[in-house]
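One point on numbering: in UniProt numbering, the residue at position 145 of the sequence shown is 145, and numbering is uninterrupted.
Just so you know, even glycine gets a beta-carbon here, dropped at the ideal spot from N, CA and C.
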Amino acid sequence: MISDARRYFWWPSIDKEIEDLVRKCSNCTENSKQPTKAPLSPWPIPDQPWKSIHIDFVGKFMGLYFLIIVDAFSKWIEVITMHNPSTKATIDALSSLFARYGLCGTIVSNNGTQFTSTEFTEFCVRNSIKHSTTSPGHPQSNGQAERYDFITEKKISDVLLKFLFCYSTTPHATTNSTPAELFLKRQLRTVLDLLRPNTFHPSDTARRRYQRNFDEHTKERYFQKNNKVLVQDFRYDPNKIKWTPGLLIDRQGFRIWIVKVGHHTRRRHENQIKHREWSTDDDVITTDPTITTTDHNKCSSTSYSTSEQDLQVLRRS
1 MISDARRYFW WPSIDKEIED LVRKCSNCTE NSKQPTKAPL SPWPIPDQPW KSIHIDFVGK
61 FMGLYFLIIV DAFSKWIEVI TMHNPSTKAT IDALSSLFAR YGLCGTIVSN NGTQFTSTEF
121 TEFCVRNSIK HSTTSPGHPQ SNGQAERYDF ITEKKISDVL LKFLFCYSTT PHATTNSTPA
181 ELFLKRQLRT VLDLLRPNTF HPSDTARRRY QRNFDEHTKE RYFQKNNKVL VQDFRYDPNK
241 IKWTPGLLID RQGFRIWIVK VGHHTRRRHE NQIKHREWST DDDVITTDPT ITTTDHNKCS
301 STSYSTSEQD LQVLRRS
């Protein structure tokens, strides 16, 4: 505009006066290009996991809506699917997360009706949660959650759980650590860990020390198949130890035996089994009735003869 005016007119302050005229013209202002974007003002980074979370909805996609929750500290994300993104469904989803991870301190969301309703406000007040909303039409203010909308939409057609697992075990560009390491304070086991199956862990030393101290007060016992034993019976009173005769019929694992008790089988640890050296009625071998009768008659006859001899001695005396 200034160059066109200078083709036909000129006076000392022509440029300044034309700029002032355009600045005061409403039509010119409305049709001018977008203003230069202001520098980014990122949300403050919390000092611990789950202190501040960013939430947003994605969908409708494949008939479902997806609630994206991003932890501002660790970049850990949770994705919850739902058919109806209502306020109640949102509160139920957050309550489920709070039951696992505890209450957060701050929730950052856009101005969706699910987040601006009276019910959601009361939910935040009841749980002492500060709720911050972004400027309408400016999703960059909730960039933590908005950024993952695109990622999740691209991956949701694949296996959602597989994507979440891969994301949680991949170092984040911002933190240089995996979300799982910062959020759960441990690395999740992946198939790549099979490349280092014998990695030493400091807890191994403590575990071996505990086993050594425990084994000092134990004694190795040896059982074999078909051994006659006594096993603990819990059918009557679980608080009172009762021992029942049984027979070892099979072994499961290193210390577990299958024991036949009567017509039933029981599964018992070696600590619940005793060696049995004495016989019970179950071990009595039934003999031939004829032999038994003969032996009984012999015993009776012998006993009768002995009694007669004793009586004769008494009479003589």
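**Message:** Tell me whether the segment 241–248 and the segment 257–274 touch, counting them as touching only if at least three CB pairs, one residue from each stretch, are closer than 8 Å.
**Reply:** They touch, by the three-pair rule.
**Message:** In the DSSP assignment, the alpha helix (DSSP H) including residue 179 goes from what residue to what residue?
**Reply:** Note, residue 179: alpha helix (DSSP H), 179–184.
**Rounded C-alpha distance that separates residue 81 from residue 75** = Take the alpha-carbon of residue 81 and the one of residue 75: they are about 19 Å apart.
**Asked** Among 25, 19, 114, which residue has its Cα nearest to the Cα of residue 56?
**Response** For residue 56, the nearest C-alpha among the options comes from 114.
**Asked** Alpha carbon to alpha carbon, what distance is there between residue 16 and residue 104?
**Response** Taking C-alpha positions only, residue 104 is separated from residue 16 by approximately 55 Å.
**Message:** Going by DSSP in three states, residue 128 sits in which element: helix, strand or coil?
**Reply:** Three-state DSSP puts residue 128 in coil, outside helix and strand.
**Prompt:** Taking residue 91 as the reference, which of 14, 61, 99, 120 has the closest Cα?
**Reply:** The option with the nearest alpha carbon to residue 91 is 120.
**Chain-order list of residues whose beta-carbon lies under 7 Å from that of residue 101 (same chain, five-residue window excluded)** = Contacts found: 50.
**Asked** Given residue 295, which residues of its chain have a CB within under 7 Å of its CB, disregarding the five upstream and five downstream residues?
**Response** Because residue 295 carries a pLDDT of 48, less than 50, the predicted location of this residue cannot be relied on, and the following value inherits that uncertainty. Same-chain partners within the cutoff: there are none.
**Request:** With DSSP as the reference, please indicate the residues paired to residue 78 in a beta bridge.
**Result:** Checking the DSSP bridge columns, you'll see residue 78 partnered with 69.
**Request:** Measure the alpha-carbon distance for residue 179 versus residue 161 and round it to whole angstroms.
**Result:** Taking C-alpha positions only, residue 179 is separated from residue 161 by approximately 15 Å.
**Request:** Would you decide whether residue 20 is buried or exposed? Buried here means 16 or more other CB atoms lie within 10 Å of its CB.
**Result:** By the 10 Å Cβ count, residue 20 comes out exposed.
**Request:** For residue 183, collect the residues of the same chain with a Cβ closer than 7 Å to its Cβ; drop the 5 residues on either side in sequence, then sort them by chain order.
**Result:** Contacts found: 49, 71, 74, 76.
**Prompt:** Between which two residues does the alpha helix (DSSP H) carrying residue 96 extend?
**Reply:** From DSSP, the alpha helix (DSSP H) with residue 96 extends over 87–101.
**Request:** Mind checking which residues open and close the beta strand (DSSP E) that includes residue 106?
**Result:** Here the beta strand (DSSP E) through residue 106 covers 106–109.
**Asked** From residue 126 to residue 65, what distance separates their C-alpha atoms?
**Response** Approximately 26 Å, taken between the alpha carbons.
**Message:** Based on DSSP bridge pairs, tell me the residues matched to residue 251.
**Reply:** According to DSSP, residue 251 bridges with 257.
**Request:** Report the rounded CA-to-CA distance for residue 44 versus residue 69, giving the unit in angstroms.
**Result:** Looking at the backbone, the Cα of residue 44 and that of residue 69 are separated by about 17 Å.
**Prompt:** Near residue 63, which residues of its chain fall below 8 Å by C-beta distance, leaving aside the five closest residues on each side in sequence?
**Reply:** Only 83 meet the Cβ criterion.
**Prompt:** In three-state terms, what does DSSP make of residue 117?
**Reply:** Residue 117: coil per DSSP, three-state reduction.
**Message:** At the level of alpha carbons, what is the spacing between residue 109 and residue 96?
**Reply:** Just so you know, the alpha carbons of residue 109 and residue 96 end up roughly 18 Å apart.
**Message:** Buried or exposed for residue 168, going by 16 or more other Cβ atoms inside 10 Å?
**Reply:** Buried.
**Message:** In whole angstroms, give me the CA-to-CA distance for residue 231 and residue 272.
**Reply:** So the alpha carbons of these two residues sit roughly 6 Å apart.
**Request:** Can you tell me which of the three DSSP states residue 47 falls into?
**Result:** Residue 47 sits in coil when the DSSP states are folded into three classes, being neither helix nor strand.
**Item:** Where the beta strand (DSSP E) through residue 58 begins and ends
**Value:** Element bounds for residue 58: 52–61.
**DSSP state of residue 13 mapped onto helix, strand, coil** = Here DSSP, grouped into helix, strand and coil, assigns residue 13 to coil.
**Segment limits, alpha helix (DSSP H) that includes residue 161** = Run containing residue 161: 160–168, per the alpha helix (DSSP H) assignment.
**Prompt:** Can you round the beta-carbon distance between residue 228 and residue 266 to whole angstroms, since I take them to be within the 8 Å contact cut?
**Reply:** Contact between residue 228 and residue 266 does not hold, since their C-beta atoms are separated by about 14 Å, which reaches or exceeds 8 Å.
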